[in-house]
Ligand code: GLU
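Numbering (the working numbering), first residue to last: 4 to 510.
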């Protein structure tokens, strides 16, 4: 139904329709605290943030918790932490406050009550006494006759006398807003001109429930107005509600903000990005060792809004670079798929950058030390600062995330051989000789193919049984019976650690 009545503009028309930004820019991210931040929410928050920063504006966080039954304890704190981790800082919000607070809707109930009274007074809203049973009946009848189920606006017609009687009888009621076909078009900053007559598919919506809590539509409009929101950028799933919201603004005689709806982002296979999938929670990406910049590039590649040219390859941008480039006219007006190659490649590139920068390198070293200490608790661990630094410098460019370093194939990096390795005397001599010869090698000779040749030549020249010797070397270098090749281990451990471990075994 919506599709038939929507008219979507071309890119050029969108620019023609653009209103110049005249008011100070104030945008908001308005999640419901029903769980943890997921990729869809992060995308909305990110695009609001980029829009705010690129227009010298302010970013507001508002918690929309009027549906108390869906509220999850601790969700606000977790959400703010995820946003901050991603680099998104809000100027006003429940934790830091601000001029237009409170920023949690359940703390603003008296404001909504006052606003509802205004709408009743000016004839735009009315009390509805229809029971759940009647509503259910209407719905079932509509379905039976293949109509769209919608409220028949029965209580619009109640007289003041009817209303007083019902109230005196103690009948409970909700408040409904009178819909009309006015204002059925608006200019969407992303989609262009949108025409949608809400009365075709909906009866008058409830704006305040019988428990005194407002519904999303009322609270959202009232707060956007009172919080001086200039631009509403939100997921396209809310586009269908926007003409209804504009009617509410009209009923209050308020100027509506500008609206821009962000298209759906989908999984790589084109399926819906579901909140229920554990792997789209920001926390999951954090646990896996993803960097914020990788996640932000992942999302922004899909959503558009930048100068990226297809065919340029994967270029990872920093948040300030994204702010510089952001242009709402370039946001995709079609749904886009996430591409996990972008996520991993951006993480790999970020790891290279972080290893290069002494400040971030220090933090990485600490992260790795913590991971190693937890993973190999109780074992003979080697995770000195110098050693971790060498490993990180080797891994930059090769690995996707630092967590890869604690996978079983890299255990030898951290777990020292046990002290009681029994070594045959003849091999002990060979190991001491090997240490001496290795110490003459330049650092750049510690490369796997060169080392492989070196070990072969060394064994031949000294008449050493190659396979048995390699077994000892593996045990000494890694304390393990399996793992990567010896020359590869030596390359990663580098000269000093390799010699140190060998000497230690034969001391
Ligand atoms: N509370 C709504 C949500 O959970 C906000 C929609 C809007 O931004 O208007 O997404």
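We treat Cβ as the ideally placed atom computed from N, Cα and C, and that holds for glycine.
Beta carbon of residue 517 nearer than 8 Å to that of residue 266: This structure cannot speak to residue 517, because the chain is shown only from 4 to 510.
Taking the alpha helix (DSSP H) that residue 261 belongs to, which residues open and close that run? That residue, residue 261, is in no alpha helix (DSSP H); its beta strand (DSSP E) goes 261-265.
Alpha carbon of residue 68 to alpha carbon of residue 90, nearest angstrom: In a straight line, the C-alpha of residue 68 is about 24 Å away from that of residue 90.
Here's the rule: buried if 16 or more other CB atoms are within 10 angstroms of the residue's CB, otherwise exposed. What is residue 512? Residue 512 lies beyond the residue range present for the chain, which begins at 4 and ends at 510; the question has no answer from this structure.
On the three-state DSSP scale, how would you describe residue 180? In the three-state reduction of the DSSP assignment, residue 180 falls in the strand class, which pools E and B.
Taking 7 Å as the cut-off, does the CB of residue 30 come closer than this to any heavy atom belonging to the ligand GLU? No - the ligand GLU has no heavy atom lying nearer than 7 Å to the Cβ of residue 30.
What residues match up with residue 107 in a beta bridge as DSSP calls it? As DSSP reads the structure, residue 107 sits in a beta bridge with 66.
The beta strand (DSSP E) with residue 85 in it runs from where to where? From DSSP, residue 85 is part of no beta strand (DSSP E) but of the alpha helix (DSSP H) over 78-88.
Would you say the beta carbon of residue 113 is closer than 7 Å to some non-hydrogen atom of the ligand GLU? Result no, Cβ not under 7 Å from the ligand GLU.
Determine whether the beta carbon atoms of residue 346 and residue 367 lie at a separation below 8 Å. Their beta carbons are not under 8 Å apart, which means residue 346 does not touch residue 367 by this criterion.
Under the criterion of a Cβ to heavy atom distance below 7 Å, does residue 334 qualify as lining the ligand GLU? Not under cutoff, so the answer is no.
Taking 8 Å as the cut-off, does the segment 415-425 touch the segment 451-463 (at least 3 CB pairs, one atom from each stretch)? As far as the Cβ criterion goes, the segment 451-463 does not touch the segment 415-425, which means the pair count is below three.
Under a three-way DSSP split, which group does residue 95 fall into? Of the three classes helix, strand and coil, the one that applies to residue 95 here is strand, per DSSP.
Can you determine whether any heavy atom of the ligand GLU sits closer than 7 Å to the C-beta of residue 342, and answer yes or no? Taking 7 Å as the cut-off, one finds no heavy atom of the ligand GLU near enough to the beta carbon of residue 342.
7 Å CB neighbourhood of residue 249 in its chain, flanking five on each side removed: Within the same chain, residue 249 has close Cβ partners 186, 189 and 259.
Through-space distance from residue 133 to residue 142, alpha-carbon basis: If you take the alpha carbons of residue 142 and residue 133, they lie about 13 Å apart.
Spatial neighbours of residue 169 within its chain, please: CB distance less than 6 Å, with the 5 preceding and 5 following residues excluded, ordered by chain position. Counting only Cβ-Cβ distances below 6 Å, and skipping sequence neighbours, we find 132.
When you compare only the Cα positions, how much space is there between residue 62 and residue 320? Taking the straight line joining both Cα atoms gives about 21 Å.
Would you kindly check if the distance between the Cβ of residue 409 and the Cβ of residue 372 is under 8 Å? Contact flag unset, no.
Can you tell me whether residue 186 is helix, strand or coil according to DSSP? Residue 186: coil per DSSP, three-state reduction.
Excluding five sequence neighbours on each side, which residues of the same chain lie with their C-beta closer than 8 Å to the C-beta of residue 376? Answer for residue 376: 384 and 386, listed in chain order.
Helix, strand or coil, according to DSSP, for residue 458 in the structure here? Helix at residue 458.
Alpha carbon of residue 304 to alpha carbon of residue 341, nearest angstrom: Computed Cα separation, rounded: 8 Å.
Euclidean distance between Cα positions of residue 507 and residue 298: Between residue 507 and residue 298, the C-alpha separation is close to 43 Å.
Starting from the Cα of residue 178, find the closest Cα among 221, 193 and 197 and give me that residue. Closest by C-alpha distance to residue 178, out of 221, 193 and 197, is 221.
In the segment 340-393, which residue ranges form an unbroken alpha helix (DSSP H) of at least 4 residues, counting only runs that do not cross its ends? Taking only runs of at least 4 residues, the alpha helix (DSSP H) segments lying wholly in the segment 340-393 are 343-359 and 361-378.
Evaluate the contact criterion for the segment 135-151 versus the segment 110-117: three or more CB pairs, one atom per stretch, below 8 Å. Touching, no, given that fewer than three Cβ pairs across the two stretches are closer than 8 Å.
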